[in-house]
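Taking it in order: structure first as structure tokens, then the write-up.
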Amino acid sequence: DVVDLAKKFEDYGVEAIIYTDIGRDGMMGGVNVEATLRLAQALKVPLIASGGLNSLEDVHKVCATLEPEGVVGAIAGRALYEGRLDFRQAQAAADKATGKTPGEA
7 DVVDLAKKFE DYGVEAIIYT DIGRDGMMGG VNVEATLRLA QALKVPLIAS
57 GGLNSLEDVH KVCATLEPEG VVGAIAGRAL YEGRLDFRQA QAAADKATGK
107 TPGEA
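Okay, so the sequence shown: first residue is 7 according to our numbering, each after it adds one.
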């Protein structure tokens, strides 16, 4: 189970965990919000979502639903290099949704 494995790594002292839904990675079908949320709620360390991010709508979903639960970022790959997601627009949307200013960590 992914939660048990992540908790073991948390116990080992990792600073953050990247969770990749390999069934969605590169498929551009959207972030697995339910599984990512379940994992984030089970952990104390920050979580980075990966796999499926492909639109500004996904960025908004991650920020609105997952960021309050400890998800601190999301990884985009294929959507960027295929031009479906503009990095600057995605970063600006994330900054606005989370109340951060550009360059703020």
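C-beta: ideal position from N, C-alpha, C; glycine also.
Short Cβ contact (7 Å threshold) for residue i with residue j
{"i": "ASP64", "j": "GLY36", "result": "yes"}
{"i": "ALA73", "j": "LEU43", "result": "The residue asked about is misnamed: residue 73 is Glu in this sequence, not Ala. No, Cβ-Cβ distance for GLU73 and LEU43 is not below 7 Å."}
{"i": "ALA12", "j": "ILE23", "result": "yes"}
Classification of residue i by the beta-carbon crowding that lies within 10 angstroms, buried from 16 upward
{"i": "LEU59", "result": "buried"}
{"i": "ALA70", "result": "exposed"}
{"i": "TYR25", "result": "buried"}
{"i": "GLY57", "result": "buried"}
{"i": "VAL8", "result": "exposed"}
{"i": "ASP27", "result": "buried"}
Nearest neighbour of residue i, chosen from the options [CA to CA]
{"i": "GLY19", "options": "LEU49, LYS67, ASP27", "result": "LEU49"}
{"i": "LEU55", "options": "ALA80, ALA46, TYR87", "result": "At residue 55 the sequence reads Ala, which differs from the Leu that was named. Considering only alpha carbons, the answer is ALA80."}
{"i": "ALA103", "options": "GLY83, VAL68, TYR87", "result": "VAL68"}
{"i": "VAL51", "options": "VAL78, LEU62, ALA99, LEU86", "result": "VAL78"}
{"i": "GLU16", "options": "LEU53, VAL39, ASN38", "result": "LEU53"}
Query - Minimum length 4: unbroken alpha helix (DSSP H) runs contained in the segment 9-85 - result: The alpha helix (DSSP H) runs of length 4 or more contained entirely in the segment 9-85 are, from start to end of the chain, 39-48, 62-67.
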